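A.B. asks: The opening residue of the sequence shown carries number 1 in the UniProt record's numbering; numbering runs sequentially from there.
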Amino acid sequence: MKTIYKPLLFFQKHGYYVCQRIADRLGIRAKVVRTSFMYLTFVTVGFGFALYLFLAFWMRIKDLVYTKRSSVFDL
Numbered sequence: 001m002k003t004i005y006k007p008l009l010f011f012q013k014h015g016y017y018v019c020q021r022i023a024d025r026l027g028i029r030a031k032v033v034r035t036s037f038m039y040l041t042f043v044t045v046g047f048g049f050a051l052y053l054f055l056a057f058w059m060r061i062k063d064l065v066y067t068k069r070s071s072v073f074d075l
């Protein structure tokens, strides 16, 4: 069990140290940097999904408006 926690603790210690160094450089608390990274992750994932839905909706509307006619006599 100890061999499982050793790498986990190593990555937690050094991973959080990155946020700590960024916070020290900006002069803010590390907690603010960590929560900002989490919020930005949710925003970027949500933006991609919203863009996908918008494009799907737009393509559906475009297909309804611009129908391809097979011949001149379909008018």
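All residues carry an ideal CB built from backbone N, CA and C; glycine is no exception.
These numbers come from a predicted model, not from an experiment.
What is the rounded straight-line gap between the Cα of Phe11 and the Cα of Ile61?
C.D. replies: Sequence index remark: in the sequence shown, residue 11 carries index 11 (1-based). Sequence index remark: in the sequence shown, residue 61 carries index 61 (1-based). Cα to Cα, the separation comes out at about 48 Å.
A.B. asks: What number of angstroms, rounded off, separates the C-alpha of Arg21 from the C-alpha of Phe49?
C.D. replies: Within the sequence shown, numbered from 1, the residue matching residue 21 stands at position 21. Within the sequence shown, numbered from 1, the residue matching residue 49 stands at position 49. Each residue's Cα considered, the two are about 32 Å apart.
A.B. asks: If you follow the alpha helix (DSSP H) that Gly46 is part of, which residue opens it and which one closes it?
C.D. replies: Position 46 of the sequence shown holds residue 46. Element bounds for Gly46: Ala30 to Val65.
A.B. asks: Starting from the Cα of Tyr17, find the closest Cα among Arg34, Phe47, Trp58 and Leu55 and give me that residue.
C.D. replies: Position 17 of the sequence shown, counted from the start, is the residue given in the question as residue 17. Selected option, being the one with the closest Cα: Arg34.
A.B. asks: How big is the Cα-Cα spacing for Ile28 and Leu8?
C.D. replies: Position 28 of the sequence shown, counted from the start, is the residue given in the question as residue 28. Position 8 of the sequence shown, counted from the start, is the residue given in the question as residue 8. Cα to Cα, Ile28 sits roughly 26 Å from Leu8.
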